[in-house]
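The structure appears below as structure tokens.
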Amino acid sequence: MTRLRIGMVLAMFAAGFAAGPGGSIAAEAERPDVSAGWAIEEVARAPRILFPTAIVAAPDGTLYLGSDPMDMPGPSTAPIDSVVAIQPGGKIVPFAEKLWSVMGLEWADGVLYVVHAPFLSAFRDTNGDGRADHRVDLMTGLGPRLPGASGMNDHIASGLRLGMDGFLYIAVGDKGIPRGVGRDGKTIQLRGGGVIRIRPDGTGLEVVSTGERNPLSVALSASDEVFTYGNDDDSHRWPNSLTHHIFGGHYGYPYEFLAAPKRCLPILGGQDGGAGAQGLCYEEDGLPAEYRGNLFFCDWGRQEVQRITLRRNGATFAIAARSTIVTKGKLADFRPFSIAVAPDGFWLVDWAYTGWLDPKVQSGRLYRLRYQGRDATKPAPRPIDDDRASLLVGLDHPARSVRMECQRALARMGPSAISDLVRRLQSGGSDLGRTHAIWALDAIGGLEARKAIVAAIDDRSSGVRLQAARSSGIRGDRESVPALVRLLKDRDAAVRREAAIAIGRIGDKSVAPALFAALDDGDRFAAWSIRGAIRRMGAWDQAELVGALLDERRGQTALELTDEAWDVAVARALTEALRRSDRPVLRGRIVENLAGIFRQYPEWSGFCHSQIAGSNRKSRNPPA
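All residue numbers for the sequence shown refer to this note's numbering, where the first residue is -19 and numbers rise by one.
Laid out in structure tokens, this is it:
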């Protein structure tokens, strides 16, 4: 791993970008305003870059920038988009061409991953000429066959991030995915918007969450918590939502968030008049520590770049503070679209036009956003060598990008690295480094690696317990089930959430009693995941369900569990609870849930009516 010579790279960018056609310095009277401690400079503009969208920076300083003529001069239904490589000296060369609408980029290990619905593709330059000469389509059907058939490529797959769990996460707008197919033949369907994930080799495709409107980016925290930021709707009831996504989560768009909020999870917040674009969670080390873990999102509609600080709130988060670091100032057509990490700040993409679909306009700007406050800091040295000892130390580096590189490099060493990774996991020190050791072991696999991960489910650190539980669920590790059951009573709500998700994925119905006992969880996101595990497994233990319905501590959650749970065992449990209860409110709610069942399955109505009638004859307090 070579050390990045930051000063040299910045100087080359400044010299190369600033020179416009003919070598003159590109100057502009107006520029966006920035908050105290920040400076902004324009480094490229149209026609050198055109219709810019997603951006990502490679470790060698090369920037990869999406270009989206499909949504300006058009046509919107032909693959005329591209990705350009902006080299450290300022030279701009085509990297990949004949693409569909480029709305998400990620770089890892010499591969550029591109979301260009309806494809997710991987591009590699194998001969070193700076242009991609190898393309693999990892997923097809990433949205409708022609996402721009309505005239514009909007509400489609946008945004892409690689997690330490080895998945590429993709935000999807509410045009949805009629039938998505991975390279291993696995298929998914997504109605409306949400988040999906797939491994970098095109396997393991699955839906993460649903019920979003139009998220344009996905951001991952240091612990792989998933966040999206999206657009409001014309009714101004659904805001430009900031959402924390969990596996199996549903967030209520377009109906439940208004008509039946109990059937969805809440968003973290939003604002009217916004059109959230792309962003990231800052987990690098070129800014002061107070910026670590902050979300930075472009808002095309509000013409600003927002900084959002979060705080833990049980198994989810809450917004602690929201501010702007860039506003339009006097630049009327400032339309920020995406942002990427730079060594001392960010690269910022500006669509530079207040609209779309104009064949007469050539637009686009690229800015450099630098932090220059008194507390400015310099990135920590990167590992110089590729030996195992250096890589193990690198798992504790303050920059997520470095930790991820070291994790993947250790995983590529295979079984020979397992013993060292196990020692790192079981040692003290940084919990971040230990969690990266878990995912390196997860990638290697095998009995020894899995045994170490399962043992970490009982670790003293809640962060380690959470990641070990998540790995066990993804891998379907049945040996982990007893330890996961213990985590259902963990003091950390996020750990309880992940334990329930893992149990549901593994599918061992023998632990259903433990899930029903945990229905008294007072955390909304953990309780959602516990109910989701029961539903996913179809673990409808009638006696356990009746007991939960009649238990005052668990009754409300048990009613939510049976809401729209269309199963014969559920109908029988509801009618038995109705027969045994003399609490009018509970009886009324049970009847509502039974009514929903026989509306869905009319053939059951006779059975349900007879049970309700029999119960009413025995009750001193029949429901209204």
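All C-beta atoms, glycine included, are put in the ideal place defined by N, C-alpha and C. Quantities reported herein were computed from a predicted structural model and do not represent experimental measurements.
| query | result |
| --- | --- |
| Glutamate 192: first and last residue of the uninterrupted beta strand (DSSP E) it sits in | 186 to 192 |
| Touch test, the segment 316 to 325 against the segment 286 to 293, Cβ-Cβ under 8 Å, three pairs minimum | no |
| Buried or exposed (CB count within 10 angstroms, at least 16 for buried), glutamine 352 | exposed |
| Cβ-based burial, glutamate 556 [other Cβ within 10 Å; buried from 16] | buried |
| For glycine 273, the three-state DSSP class (helix, strand or coil) | coil |
| Counterpart residues of phenylalanine 314 in DSSP-defined beta bridges | Answer by DSSP bridge pairing: none, since phenylalanine 314 is not bridged. |
| Assigned exposure category for serine 138 - 16 Cβ within 10 Å defines buried | buried |
| Residue burial classification, alanine 332 (beta-carbon count within 10 angstroms, cutoff 16) | buried |
| Spatially closest choice to serine 509 from Ala480, Arg516 and Glu532, by CA coordinates | Ala480 |
| Straight-line gap, alanine 19 to arginine 350 (C-alpha atoms, nearest Å) | 5 Å |
| Host beta strand (DSSP E) of glutamate 284 (start-end) | 284 to 293 |
| Aspartate 411 in three-state terms, based on DSSP | helix |
| Short Cβ contact (8 Å threshold) for aspartate 457 with isoleucine 483 | no |
| Where glutamine 616 falls: helix, strand or coil (DSSP) | The requested residue 616 is not part of the displayed model; the chain covers only -19 to 604. |
| Same chain, Cβ closer than 8 Å to phenylalanine 147, neighbours up to 5 away in sequence not counted | Arg177, Ile178, Arg179 and Gly184 |
| Cut-off 7 Å between Cβ atoms - residues of its own chain near alanine 301, not counting five sequence neighbours on either side | Thr289 |
| Coarse secondary structure for serine 399, derived from DSSP in three states | helix |
| Host beta strand (DSSP E) of leucine 375 (start-end) | Counting along the chain, leucine 375 falls outside any beta strand (DSSP E), and DSSP gives it neither H nor E. |
| Sequence-distant residues of its chain with Cβ nearer than 7 Å to glutamine 580 (five each side left out) | Trp546 |
| Any 3 or more C-beta pairs closer than 8 Å across the segment 231 to 241 and the segment 291 to 301 | no |
| Where alanine 6 sits in the DSSP three-state scheme | Here alanine 6 scores only 39 on pLDDT, less than 50, and its place in the model should not be relied on; the value that follows carries that caveat. Coil, per DSSP. |
| Three-state class that DSSP yields for lysine 469 in the structure shown | coil |
| Per-residue burial, histidine 416 [other beta carbons within 10 Å of its own, 16 or more giving buried] | buried |
| Closest by C-alpha distance to leucine 275, when choosing among Thr208, Ala356, Gly84 and Pro268 | Thr208 |
| Cysteine 386 - containing alpha helix (DSSP H), residue span | 380 to 392 |
| CA-to-CA distance, glycine 512 to threonine 190, given in whole angstroms | 13 Å |
| Inter-residue Cα distance where the pair is threonine 106 and alanine 88 | 14 Å |
| Supposed close pair alanine 615, leucine 412 - CB separation, criterion 8 Å | The requested residue 615 does not occur in the structure, where the chain is confined to residues -19 to 604. |
| Residues bridged to tyrosine 351 [DSSP beta-bridge criterion] | Trp18 |
| Delimiting residues of the alpha helix (DSSP H) encompassing threonine 208 | Unbroken run through threonine 208 is the beta strand (DSSP E), 206 to 210; no alpha helix (DSSP H). |
| Cβ pair leucine 346, isoleucine 60 closer than 8 Å | no |
| Backbone secondary structure at methionine 83 - three-state DSSP | strand |
| First through last residue of the alpha helix (DSSP H) which encompasses valine 577 | Per the sequence shown, the amino acid found at residue 577 is isoleucine instead of valine. It spans 564 to 580 - the alpha helix (DSSP H) in which isoleucine 577 sits, taken as one unbroken run. |
| Exposure of threonine 223, with buried meaning 16 or more beta-carbon neighbours within 10 Å | buried |
| Residues near glycine 309 in its chain [Cβ-Cβ closer than 8 Å; skip 5 each side] | Glu10, Arg11, Pro12 and Asp13 |
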